[in-house]
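Just so you know, our numbering puts 102 at position 101 of the sequence shown, and the rest follows in order with no gaps.
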Amino acid sequence: METIQLIKDIILNELQDRVKYILSFKNKLEILEENDIQQGVTVARALQSFINAEDKEVTKTRYDRLMKSNNYLLNYKGFILEFRQFNGQITKRNLHSFIFEITSAHESTVLNALFPNGNVQFKDL
2 METIQLIKDI ILNELQDRVK YILSFKNKLE ILEENDIQQG VTVARALQSF
52 INAEDKEVTK TRYDRLMKSN NYLLNYKGFI LEFRQFNGQI TKRNLHSFIF
102 EITSAHESTV LNALFPNGNV QFKDL
């Protein structure tokens with residue numbers, strides 16, 4: 002998935018797709034952690050890279066006014082910022098902690114604003 006392009010008329014559906022994309026990695030990473038931890042680290046690093054790119058974009062000061070005028074976008078930013086809890090490079094030793102961050106983000110109250118009609122449903126990768 003490409004890094005988000007922040008525009009005034011960004012739609013809720015696009016933000017929901019981005020959240021679903023990130024959350025869809027959880028089950029695959031749990032399986033890889035048990036069966037092929039090195040592949041799990043590789044996949045987790047790719048996801049972390051995507052999240053970092055999103056973070057870099059949504060935290061630019063030039064978008065502060067846009068964030069304040071779009072509640073969905075502001076909540077997406079909050080969702081992305083939750084991943085700042087995990088710092089550093091993903092390794093075999095801390096892969097489980099990164100997976101926990103995905104679980105934590107999935108249980109976030111920010112998601113209630115992004116998914117006002119109920120639970121987040123996503124397909125596994």
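The beta-carbon is built from N, C-alpha and C at its ideal position, and this holds for glycine as well.
Given the structure is predicted, the values throughout are model-derived calculations rather than measurements.
#### Entry: As assigned by DSSP and simplified to three states, the class of arginine 63
helix
### Local conformation of glutamate 3 per DSSP, three classes
coil
### Alpha-carbon spacing of aspartate 37 relative to phenylalanine 101, whole angstroms
18 Å
#### Entry: Meets three-Cβ-pair contact criterion under 8 Å: the region 24-42 and the region 72-80
no
### Task
Compare the C-alpha of arginine 87 against each of Ala45, Asn72 and Ser70 and name the closest.
Before going on, a small fix: residue 87 reads as phenylalanine here, not arginine. Phenylalanine 87 has its Cα closest to that of Ala45, out of Ala45, Asn72 and Ser70.
### Query
Since isoleucine 5 contacts valine 59 with CB under 8 Å, what's their CB separation in whole angstroms?
At roughly 7 Å, the Cβ-Cβ gap stays under 8 Å, so isoleucine 5 and valine 59 are in contact.
### Task
In angstroms with no decimal places, state the Cα-to-Cα distance between lysine 57 and alanine 47.
15 Å
### Task
Report all residues from its chain with a CB closer than 8 Å to the CB of threonine 92; omit the five preceding and five following residues, and keep chain order.
These residues qualify, in order along the chain: Val42.
### Task
Have a look at Glu3, His97 and Leu13 and flag the residue whose alpha-carbon is nearest the alpha-carbon of leucine 74.
Leu13
### Message
How far does the alpha helix (DSSP H) with threonine 92 in it extend, from its first residue to its last?
### Response
No alpha helix (DSSP H) contains threonine 92, which DSSP labels as neither H nor E.
### Message
Taking 8 Å as the threshold (C-beta atoms), are glutamate 35 and histidine 97 in contact?
### Response
no
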